[in-house]
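Visitor: Sharing a structure, written as structure tokens. Questions coming.
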Amino acid sequence: MALFDNFKEKVKILGIKSHHLPALAAPFLIATSLFSCQPRYDTVKIGMCSDVHLPTMHDSEYRIQTFIDSMKTAQPDFIIELGDFGTPAEKYAHLFDIWNSFSGDKFHVIGNHEMDGGYSKQEAIAYRKMKNSFYSFDKNRFHFIVLDGNDPRNNSDKGYKQFIGEKQIDWLKQDLAGAKHPVVIFSHQGLTTYPGGEGDDYGLENGSEIRDILEQYNLQNPKTRVVACFNGHTHYDFAENINGIWFITINSMAYQWMGEEFTHIRYSTEVDKNFKWIKYTAPHKEPLFTIVEISTAGFIKIHGKQTEWEGPSPWELGYPEALKKYVRPQISERNLSFKLD
Ligand SMILES: [Zn+2]
22 MALFDNFKEK
32 VKILGIKSHH
42 LPALAAPFLI
52 ATSLFSCQPR
62 YDTVKIGMCS
72 DVHLPTMHDS
82 EYRIQTFIDS
92 MKTAQPDFII
102 ELGDFGTPAE
112 KYAHLFDIWN
122 SFSGDKFHVI
132 GNHEMDGGYS
142 KQEAIAYRKM
152 KNSFYSFDKN
162 RFHFIVLDGN
172 DPRNNSDKGY
182 KQFIGEKQID
192 WLKQDLAGAK
202 HPVVIFSHQG
212 LTTYPGGEGD
222 DYGLENGSEI
232 RDILEQYNLQ
242 NPKTRVVACF
252 NGHTHYDFAE
262 NINGIWFITI
272 NSMAYQWMGE
282 EFTHIRYSTE
292 VDKNFKWIKY
302 TAPHKEPLFT
312 IVEISTAGFI
322 KIHGKQTEWE
332 GPSPWELGYP
342 EALKKYVRPQ
352 ISERNLSFKL
362 D
């Protein structure tokens, strides 16, 4: 009994709930607790948010401060935002300062809206003190890859991009070849496509090419395989498994984009005068964000957070019912499993 208590204690220290461990793992962990203080599994805890859209909302200071305060308490191994955070304009600097007040490791993903207002990608990268728009890092014996889905398809490609260019693909292949730990990928635009409210598809145009590269890598490297890819961009709440890899869309901190057809004044006319995009959104009353725990024991735990729509729901305004599969004012609690051989 004492041993079992010890096992539960260890699991608690690791931040893992014992019911998430496979039944077979329990005797092994008890055995290791007899002979060693080394945990059997590696676990990483990530504070995550996406599509914060600082310039869009009138209460962005409250939203980003709520996230950072929560992270200061939760103390994840790092925090990351999955893109569409804000532009380098001086009027948003105090909001970036709130993000930067988190003293632990923090990472950005470049979304399509960081360059709004005529800023270049280089400016967005420099403002965030990033070494590059795509990069990788190791943490707690996991390998993390951040992709940049804003490459032009060709020289005449104008407007918002959803593409990963040749140079970045070469880099990705090289980076994967050197990976020593299980891999987790972050990108703003998803590696799978989803239907949008205004008829467009959201996601990387060459997502299937990237998925093929990941699947090939997984076949050759089952011990350090790609277990999950996290993305934002759609403001959806969704997860699906394609050929053994989890593709997880983290909902926006702030709102669902509705578009002009569904214009609705949600706050005051004063707010709408100063924040001209809000009337095209269905805002989340409270900011959405999550803690994600990933363990080599074979699970991904996404902590749930739920709020309400500010004003009428998308469905009350006639937003396409087919999108009910993806659109809700929450990040769903999920326990996803994977296998490392
Ligand atoms: Zn986006």
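Residue numbers for the sequence shown follow this note's numbering, beginning at 22 and rising by one. Built from N, CA and C at the ideal position, the CB exists for glycine as well.
#1: My assumption, with CB atoms under 8 Å, is that residue 163 sits in contact with residue 63. Please give the rounded CB distance.
#2: Can you find at least 3 beta carbon pairs, one from the region 288 to 308 and one from the region 240 to 253, that sit closer than 8 Å?
#3: Using a threshold of 7 Å, is the CB atom of residue 332 nearer than that to any non-hydrogen atom of ligand 1?
#4: Leaving out five residues on either side along the sequence, give the residues of the same chain with a beta carbon under 7 Å from the beta carbon of residue 110.
#5: Reducing DSSP to helix, strand and coil, say where residue 109 ends up.
#6: Would you say the beta carbon of residue 133 is closer than 7 Å to some non-hydrogen atom of ligand 1?
#7: Taking only beta-carbon atoms, is residue 297 less than 8 Å away from chain D?
#8: Can you tell which of 107, 156 and 124 has the C-alpha that lies nearest to the C-alpha of residue 141?
#9: Ligand 1 heavy atoms versus the CB of residue 105: any closer than 7 Å?
#10: What does a CB cutoff of less than 6 Å around residue 208 pick up in its chain, not counting 5 residues either side in sequence?
#11: Heavy atom of ligand 3 less than 7 Å from the Cβ of residue 129, yes or no?
#12: The beta strand (DSSP E) that contains residue 246, what's its start and end?
#13: So for residue 327, helix, strand or coil by DSSP?
#14: Among 184, 284, 204 and 309, which has the Cα closest to the Cα of residue 226?
#15: Could you give the uninterrupted runs of the beta strand (DSSP E) lying entirely in the region 69 to 126, keeping only those of 3 residues or more?
#16: How many whole angstroms separate the CB atoms of residue 78 and residue 296, which I take to be in contact at a CB cut-off of 8 Å?
#17: From residue 265 to residue 351, what does the alpha carbon distance come to, in whole angstroms?
#18: Locate the beta strand (DSSP E) running through residue 169, then write down its first and last residues.
#19: With 16 other CB atoms within 10 Å as the buried threshold, where does residue 200 fall?
#20: Let me make sure I understand the geometry here. Which of 267, 302 and 161 has the alpha-carbon closest to that of residue 61?
#21: Less than 8 Å between the CB atoms is what I'm expecting for residue 128 and residue 101, so what's the real figure, rounded?
#22: Please report the Cβ distance between residue 263 and residue 213, rounded to the nearest whole angstrom; I am assuming they are in contact, meaning their Cβ atoms lie under 8 Å.
#23: What does a CB cutoff of less than 8 Å around residue 9 pick up in its chain, not counting 5 residues either side in sequence?
#24: DSSP three-state label for residue 239, please.
#25: Can you say whether residue 43 is buried or exposed, counting buried as having 16 or more other CB atoms within 10 angstroms of its CB?
Guide: From the atom records:
#1: 7 Å
#2: no
#3: no
#4: 138
#5: coil
#6: yes
#7: Chain labels in this structure do not include chain D; a single protein chain is all it has.
#8: 107
#9: yes
#10: 168, 170 and 252
#11: Among the ligands present in this structure, namely ligand 1, ligand 3 is not found.
#12: Element bounds for residue 246: n/a, residue is neither H nor E.
#13: Three-state DSSP puts residue 327 in a strand.
#14: 184
#15: 99 to 102
#16: 7 Å
#17: 25 Å
#18: Membership of residue 169 in any beta strand (DSSP E) is not indicated, and neither H nor E is assigned to it by DSSP.
#19: buried
#20: Cα-wise, what sits closest to residue 61 is 161.
#21: 4 Å
#22: 7 Å
#23: Nothing in the structure corresponds to residue 9, since the chain is present only between 22 and 362.
#24: In this structure, DSSP gives residue 239 a helical state, which the three-state scheme calls helix.
#25: Only weak support is given to the placement of residue 43: the predicted model assigns it a pLDDT of 48, under 50, and the question is left unresolved by the model.
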